[in-house]
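Take a look at the structure below.
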Amino acid sequence: MSAITRTLSIFLLIQSYGYNYCSLSCQSGSGSDVDWFILYKVPKKGDINTNGVEFFYMDEGANSWQYKMADIRTATDNPLYETLQPVYSKSPNIESYAMYNDQPPVGNAPVKFAHSKGALAFDRTSGFWIVSSVPRFPAPVKDGYKYKDEQTKYGQTILCVSVDKSMEAKIKSVFETTEPYIYDSKNFSPTTGNKQTTSDVDMKTRGNVQLKCIAKSADYQHDIYQAIISPKIGDSLFVETWRPNLKDDNMVTNVPSVCFSNGITFYSGVDHSKWAVAKKLTWTCIGDINREARQFKRGGLSLCLNDKDVAEEFRSIVNDGTCSKRSPPPGSCPNPSRKRAKITP
């Protein structure tokens, strides 16, 4: 075989495997690499004319809430679909992945496992980590991308961060503390032998945005927000979780409802999200633990991102009683022919 023929054969082999390949990372809805993204799916609510498939979105290039009248169940303009595609297509570049959820796609996890949801994947140099509040998601690799109709009812938050390969070991150490229920994986298992009741792990994105993963085990039976997150980031918090039953105190203020600038408003009873934002500093945390007493007995985590714009955007949606007085920007209402949503107490 001549050198030219050999080179051509290698080129064709590369093309057949789809090696138009960049390092593994979070993706925008158009399939472009992003350092991080946050997706806030809206609940299915008739009074605000949403179907539970639309979402607000931001990333480092669009660092304010963008309302996407897309469909989170489909491939079009969907950052979740784009990010997970290399895993579902079984790219030979992926060296490891894991999908975990206390409510897996089939059946239920024993309660000894963490109240924790997400997915991650790594190639030889980099990867992504998705921290989510969505039950029964993502579907296992054999089933391909699926976001089921039953998952559209409630609001949900999802954070994706692009990280270097070195962060994989740190995530494994966090999982030793939390003990998530991993239902699909390849070459991935938590570290063992150094379990802690709480952990505070400093990380960073590939773009050098500061991250802090704050986690608790089932043995640490306290409120993660009041007892760990607030002291670790050095500020009091606004916290939004599903149906919180712990009272406000000097460190944590519950967020009973959120309101976006385009008039979309919903309260915590229909919002399965779990997020916290510093009242003054620049930290925003997205995780998987609710602020309620029963969850003291569960492991879980919150992944905090240090970004001024993100913190300001989350503080802007806290319903402080002025939602009905706010004027949406021109052209931003999802359905201008309808009245703006009534604020739910």
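Quick note, the sequence shown lines up with residues -18 to -1, 1 to 327 if you use mature numbering (1 follows the signal peptide of the UniProt record, and there is no 0).
Note that the Cβ used here is the ideal one computed from N, Cα and C, for glycine as well.
- No Cβ-Cβ contact shorter than 7 Å links cysteine 195 with valine 237.
- If you compare the alpha carbons of Phe248, Val252, Ile211, Phe242 with that of methionine 233, the shortest gap goes to Ile211.
- Excluding its 5 nearest sequence neighbours in each direction, histidine 254 has C-beta neighbours in its own chain below 7 Å: Ser115, Tyr136, Gly137, Gln138, Trp224, listed in chain order.
- Shown here, methionine 149 sits in a helix according to DSSP, grouped into three states.
- Between valine 143 and valine 252, the alpha-carbon positions lie close to 26 Å from each other.
- A check of alpha carbon separations from asparagine 244 across Tyr49, Phe19, Ser10 identifies Tyr49 as the nearest.
- Taking one beta carbon from each stretch, the segment 88 to 100 and the segment 157 to 172 have 3 or more pairs nearer than 8 Å; the two touch.
- Taking 7 Å as the cut-off, the beta carbon of leucine 287 is found closer than this to the beta carbon of threonine 266.
- Assignment of lysine 26 by DSSP, reduced to helix, strand and coil, places it in the strand class.
- The beta carbons of tyrosine 79 and alanine 103 sit closer together than 7 Å.
- Here glutamine 133 carries a helix assignment [DSSP, helix/strand/coil].
- For glycine 11, the number of other beta carbons within 10 angstroms of its own is at least 16, and it is reported as buried.
- If you keep only unbroken beta strand (DSSP E) runs of at least 3 residues inside the segment 149 to 204, you get 164 to 168, 180 to 186, 192 to 198.
- Rounded to whole angstroms, the gap between the alpha carbons of serine 199 and tyrosine 82 is 16 Å.
- DSSP places threonine 58 in no alpha helix (DSSP H); its state is neither H nor E.
- Collapsing the DSSP output to three states places leucine 66 in a helix.
- Residue ranges of uninterrupted alpha helix (DSSP H) with 4 or more members are absent from the segment 76 to 103; none lies entirely inside it.
- Beta-bridge partners of tyrosine 127 (DSSP): none assigned.
- Listed as beta-bridge partners of cysteine 8 by DSSP are Val16.
- With respect to glycine 34, tyrosine 70 sits apart: the two C-beta atoms are not nearer than 7 Å.
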